[in-house]
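Below is one structure, written out as structure tokens; the observations come after it.
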Amino acid sequence: MLFKKLVLAACAFGSLTSAHAGGGAKPFLIISDIDDTIKITNVLDKDKAVENGLFGDRTFLGMAELYQELASNGGMKAAPVVYMSGSPPILLGEIRKMLVGGHKFPDGNFRLRDWLKTKDVYSFKSAGMLALHAIFAKSKTVFVELGDDTERDMDVYHDYIKAHPGKTAAA
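Mapped onto the working numbering, the consecutive letters of the sequence shown carry residue numbers 4 to 174.
Structure, rendered in structure tokens:
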């Protein structure tokens, strides 16, 4: 699973940086899930997910470096990062401290799910994608979307790509 994520992200980065070399570059925004994409959480095992969400600080090997490289945008203008997670907002401080301070992931905007307002992660992330689209709809900015298969990230990204062709550089 990790190898697949790294290959996909490397392909996305390669196509984006080669676009810079050819002059056809578009600015991009990195949109990433957190749990089981960059942080080892085991969300499908609710007991482990609670334990890892509250006390875990393990991330997948090499992901911080990969995200730093993606965010550095090949030495061009830095690409902003948006982290979307089904984790509750009360964990924001700890998540940011662990990822950015401890593991050196690029800082960014963290969007966490209010469990009282949005019951399922798919709806939360879909709404998040639409909110980002509203912000960037008229710009040339394209999205690089990173996620895993535990909380339907790829379904969210696929549905967004279908509804908004041309706004996604890689998923």
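C-beta atoms are modelled at their ideal positions from N, C-alpha and C, and glycine is treated no differently.
Identity of the residues DSSP links to residue i by a beta bridge
i           : result
residue 62  : 42
residue 99  : Paired residues: none, contrary to the question.
residue 149 : 35
residue 175 : In the structure displayed, the chain extends from 4 to 174; residue 175 sits before or after that span and is not available.
Cα-Cα separation between residue i and residue j, rounded to whole angstroms
i           : j           : result
residue 126 : residue 164 : 16 Å
residue 14  : residue 118 : Below a pLDDT of 50, predicted positions are generally treated as unreliable, and residue 14, at 49, falls in that range; the measurement from the model is reported next regardless. Those two C-alpha atoms are separated by around 34 Å.
residue 174 : residue 152 : 12 Å
residue 48  : residue 54  : 10 Å
residue 138 : residue 74  : 19 Å
residue 95  : residue 171 : 27 Å
residue 56  : residue 103 : 16 Å
residue 63  : residue 43  : 6 Å
residue 25  : residue 169 : Any reading at residue 25 must be qualified, since the residue scores a pLDDT of 44, below 50, and its modelled position is unreliable; no value is offered.
residue 134 : residue 140 : 10 Å
Residue i at chain C interface by Cβ criterion, 7 Å
i          : result
residue 34 : You won't find chain C in this structure, because it holds only one protein chain.
Beta carbon of residue i nearer than 7 Å to that of residue j
i           : j           : result
residue 167 : residue 136 : yes
residue 89  : residue 124 : yes
residue 60  : residue 101 : yes
residue 149 : residue 35  : yes
residue 87  : residue 128 : yes
residue 81  : residue 33  : no
residue 108 : residue 70  : yes
residue 111 : residue 147 : no
Option nearest residue i by Cα separation, candidates the options
i           : options          : result
residue 121 : 112, 96, 92      : 92
residue 154 : 97, 38, 110, 111 : 38
residue 99  : 169, 28, 41      : 41
residue 106 : 170, 68, 52      : 68
residue 76  : 51, 111, 30, 50  : 30
residue 28  : 158, 142, 131    : 142
residue 58  : 97, 169, 132     : 97
Beta strand (DSSP E) segment containing residue i, residue limits
i           : result
residue 127 : From DSSP, residue 127 is part of no beta strand (DSSP E) but of the alpha helix (DSSP H) over 124–139.
residue 162 : No beta strand (DSSP E) contains residue 162, which is instead part of the alpha helix (DSSP H) from 156–166.
residue 31  : 31–36
Residue i beta carbon near the ligand SAH (any heavy atom closer than 6 Å)
i           : result
residue 100 : No copy of the ligand SAH appears in this structure; indeed no ligand is present at all.
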